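Okay, so here's the structure we're looking at.
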């Protein structure tokens, strides 16, 4: 029985990046998709996409894939928790349109994006060059 528990713990550590118990939705991506975004960058990427105009979650997932040169395959398990966090922080607003949640950038979201312009530019350049990001704490 102990090996089953340890195996499950090892699986959790591999999937979520460590034993600390801290969960970061940006890190909840397994397999070959894992390396494009660094810690906190999915958040900035979503804000950047919303700067182009309001969008629903599925559209944002598809646009993340397109803008990353298909190196990142966004999942609902990553994108929706980050969108909820952005809403909680007042950086995006949400309206229900035809039964779908549509996210829009707020003034605070635009300000957050402008404060992180250098980092969002680095993400864009990395995507254009077709490079994976290094995982790490920033």
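In the working numbering, the protein residues as written are 45 to 182. Note that CB positions come from ideal geometry on N, CA and C, so glycine has one too. Model, not experiment: these values are computed from the prediction.
- Rounded to whole angstroms, residue 114 and residue 172 show a C-alpha spacing of 11 Å.
- Around residue 85, the same chain offers 167 as residues with beta carbons nearer than 6 Å, after the five sequence neighbours per side are excluded.
- Our two residues, residue 98 and residue 119, have alpha carbons roughly 19 Å apart in a direct line.
- For residue 147, the enclosing beta strand (DSSP E) starts and ends at 144-149.
- For residue 159, the secondary structure class from DSSP, reduced to helix, strand or coil, is helix.
- DSSP, read as helix, strand or coil, puts residue 137 in strand.
- Between the segment 129-136 and the segment 102-113 there are fewer than three C-beta pairs closer than 8 Å, too few to call the two in contact.
- Rounded to whole angstroms, the separation of the alpha carbons of residue 124 and residue 140 is 15 Å.
- Between the alpha carbons of residue 144 and residue 102 lies a distance of about 10 Å.
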